[in-house]
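Enquirer: Position in the sequence shown (first residue = 1) + 1 = my numbering.
Built from N, CA and C at the ideal position, the CB exists for glycine as well.
Have a look at this one before I ask anything.
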Amino acid sequence: MASNGAKSRWGRVARYSFGGFLLLLAAVDARVGFPWYGTLGIVCAALLIVVGQRRIIRPGVGRTAGEIVCRYTPWFEGNAYMAIAIVPLMGVAMAAAGRNSDYPAWFRFGGILLVGVMPLALFGVPRMWRRCPLCISPTAIKLRAATPGSMLTEIRRDDIESITPKMVRNPVNGQSLQTELACRAADSNNSDLQTVLLGLHLTGQPINLANALVAWKDATDEDPNELLDQIEGILRGMPA
2 MASNGAKSRW GRVARYSFGG FLLLLAAVDA RVGFPWYGTL GIVCAALLIV VGQRRIIRPG
62 VGRTAGEIVC RYTPWFEGNA YMAIAIVPLM GVAMAAAGRN SDYPAWFRFG GILLVGVMPL
122 ALFGVPRMWR RCPLCISPTA IKLRAATPGS MLTEIRRDDI ESITPKMVRN PVNGQSLQTE
182 LACRAADSNN SDLQTVLLGL HLTGQPINLA NALVAWKDAT DEDPNELLDQ IEGILRGMPA
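Okay, here's the thing in structure tokens:
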């Protein structure tokens, strides 16, 4: 674990250093009169490198009187900024470069495709924000899957058999840590367990989500407010 943490830190240092170098290069290019689309492309590449894969700016966690609400919060997600702003701006730079005979003609078409990411993101990101909450009360959780037509479902703590962090294949990042809930259906006599995966559609560190749900499941008959305070602190990454 320590070696993985060291590798992660060195990876961040290398990423930030290279991104900073590209930003410095873009500033020099702008000063010497490099075409604007070239400078914009370098800036976008630097921002893509610095932001990295799903950078969480802060957890999307809220609190009401009786429950904690976690959801996908786009303004706390680096990926949302990438899809809505950085990638389309890179597309603008590519399309403009494609009009110059010094660059390949396919730059124009590639740029148009990248610009097309923005309307898709503007449709999908708010939808995820509205439809993917996780509500944690002292005795139950409520959640809704990201699939169209899914309903908000309540799962009582007594019906949950296990909560397990696990690495799941991710089409974007290769593998990602998610939390698997194995539970019994409350309205069924079937002994088979149903599983639910949580993580990708919630803004927060996956390990904090897993630890919070495990602490919630293992809680005894303690004060509900103290339990919610504990769970909220774990979700926000606060030390105990």
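1) Which ranges would you report for the alpha helix (DSSP H) in the stretch 43-103 if only whole runs of at least 4 residues count?
2) Which stretch, first to last residue, makes up the beta strand (DSSP E) that contains L199?
3) Pick helix, strand or coil for A186, following the three-state DSSP scheme.
4) Straight-line CA distance for V70 to A183?
5) Just mark W107 as buried or exposed, buried being the case when its beta carbon has 16 or more other beta carbons within 10 Å.
6) Hey, would you say S151 sits closer than 9 Å to R157, going by beta carbons?
7) What is the C-beta distance between G61 and R72, in whole angstroms, given that I count them as a contact (C-beta under 8 Å)?
8) When burial is assigned at 16 or more other CB atoms within 10 Å of the CB, is T221 buried or exposed?
9) Between the stretch 87-95 and the stretch 108-119, can you find at least three pairs of beta-carbon atoms closer than 8 Å?
10) In the DSSP output, which residue or residues are listed as bridge partners for P134?
11) So for T154, helix, strand or coil by DSSP?
12) What is the C-beta distance between C133 and K143, in whole angstroms, given that I count them as a contact (C-beta under 8 Å)?
13) Does the stretch 199-207 touch the stretch 38-45, meaning 3 or more C-beta pairs lie closer than 8 Å?
14) For the candidate residues L214, V52 and R128, whose alpha-carbon lies nearest to that of F19?
15) Along the alpha helix (DSSP H) that carries P207, what are the first and last residues, could you check?
16) Can you tell me which of the three DSSP states A141 falls into?
17) Starting from R170, follow the beta strand (DSSP E) in both directions and report where the run begins and ends.
18) Evaluate L198 with the Cβ neighbour count: other Cβ atoms within 10 Å of its Cβ, from every protein chain shown; 16 or more gives buried, anything less gives exposed.
19) Between the C-alpha atoms of G67 and L203, what's the straight-line distance to the nearest angstrom?
20) Under a three-way DSSP split, which group does T40 fall into?
21) Who pairs with T180 in a beta bridge, going by DSSP?
Expert: For this structure:
1) 79-82 and 88-99
2) Q195 to L199
3) coil
4) 21 Å
5) exposed
6) no
7) 5 Å
8) exposed
9) yes
10) R72
11) strand
12) Going by Cβ atoms, the distance from C133 to K143 rounds to 12 Å, so no, they are not a contact pair.
13) no
14) V52
15) P207 to D219
16) strand
17) I161 to N171
18) exposed
19) 20 Å
20) helix
21) P166 and L199
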